[in-house]
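> According to mature numbering (1 follows the signal peptide of the UniProt record, and there is no 0), the stretch in the sequence shown is residues -22 to -1, 1 to 193, in order.
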Amino acid sequence: MNHRIKLLLAACLFTASLTTAAAPTAEQRQQLNQAFSAYQQQDYRRAHELFLLLAQQGYATAQHNLGVMYEQGQGVPQNYVQAKYWFEQAAEQGRAGSQHNLGIFYYNGYGVKQDFSRACDWFGKAATQGIAVAQYNFGVCYEKGQGMPQSYVHASEWFGKAAAQGFPDAQFNLGVLYLNGHGVPQDYARARYWFEQAAAQGMAVAQFNLGAFYE
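(1) Find out if the Cβ-Cβ distance for the pair F29, N11 is shorter than 8 Å.
(2) Please specify which runs of the alpha helix (DSSP H), each continuous and at least 4 residues long, are wholly inside the stretch 43 to 87, giving them in chain order.
(3) Check whether the Cβ atoms of residue 203 and G138 sit closer than 8 Å, and answer yes or no.
(4) Take A110 and list the residues in its own chain whose beta-carbon comes closer than 6 Å to its own, dropping the five residues that flank it on each side.
(5) Beta-carbon separation of A104 and Q77 under 8 Å?
(6) Expressed to the nearest angstrom, what Euclidean distance is found between the alpha-carbon atoms of R7 and Q52?
(7) To the nearest angstrom, report how far apart A133 and G72 are at their CA atoms.
(8) Pull up the distance between the alpha-carbon of H26 and that of A68, whole angstroms please.
(9) At which residues does the alpha helix (DSSP H) containing F116 begin and terminate?
(10) Leaving aside the five residues before and after Y130 along the sequence, list all residues of the same chain whose C-beta is less than 7 Å from its C-beta, in chain order.
(11) Just how far apart, CA to CA, sit A13 and W64?
(12) Could you give the DSSP three-state label for Y17: helix, strand or coil?
(13) Take the Cβ of W100 as the centre, count every other Cβ of all protein chains shown within 10 Å, and call the residue buried at 16 or more, exposed below.
(14) According to DSSP, simplified to helix, strand and coil, what is H26?
(15) Between which two residues does the alpha helix (DSSP H) holding G125 run?
(16) Indicate whether L157 and Y171 have their beta-carbon atoms separated by less than 8 Å.
(17) Can you tell me whether K91 is buried or exposed, with buried defined as 16 or more other CB within 10 angstroms of its CB?
(18) Since Y88 and F94 should fall inside the 8 Å C-beta cutoff, what is the C-beta to C-beta distance between them, to a whole number of angstroms?
(19) Reducing DSSP to helix, strand and coil, say where D99 ends up.
(20) Given a threshold of 16 other Cβ atoms within 10 Å of its Cβ, counted over all protein chains shown, does F150 qualify as buried or as exposed?
(21) Please state the DSSP three-state secondary structure of H160.
(22) Could you tell me the alpha carbon to alpha carbon distance between G45 and G189, rounded to whole angstroms?
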């Protein structure tokens, strides 16, 4: 059977809610709506201008969205250093999507020196807030022992949380752990169950592994 453990690097993208410690004013809400509307219309320069005004006032949503724009080069030249800076500003305020994205930057060395320990720390912060891809990536950190002590037990816990949210890669990896008895009691029935869940979402490797149960 195939065994695939890999980090998923999908970024948490735009959000339209205005997150801040202080209550936003009507003008600030209007600016956010205008910025989001400009972004949807692909007027990235205008969107960047408005998000920057709000980000400089400490609004985490705007900071996160600026990070996305710099990461993707929308309305501005692609700049991982700036993207990392704005994700970090929002992450420090507790925005889960920014924490996950910051983990990706540290894991890959985008705009910052590669640091698996800090990457996994940020994945963990986002994972505890329920972000499924972060829970999966945090599980990978434990499974690989990358940036933290290797632990199949903790890997199974975080894969389980993401799997329960319907995340197919986590469902597949949880199936592998049950198949091999890594971090959980060996249980072929549970392994098959999780392969079935991932296979139902079109994951080819899960479909292949599931087929082995019927040979």
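Every residue gets a Cβ at the ideal spot worked out from N, C-alpha and C, and that includes glycine.
In this structure, then:
(1) no
(2) 58 to 70 and 74 to 86
(3) Any question about residue 203 goes unanswered here, given that the chain covers just -22 to 193.
(4) A140, Q143 and F145
(5) yes
(6) 22 Å
(7) 23 Å
(8) 16 Å
(9) A110 to K122
(10) E121, L155, H160 and G161
(11) 16 Å
(12) helix
(13) buried
(14) helix
(15) Element bounds for G125: n/a, residue is neither H nor E.
(16) no
(17) exposed
(18) Their Cβ separation, rounded to whole angstroms, is 14 Å, which puts Y88 and F94 out of contact at 8 Å.
(19) helix
(20) buried
(21) coil
(22) 43 Å
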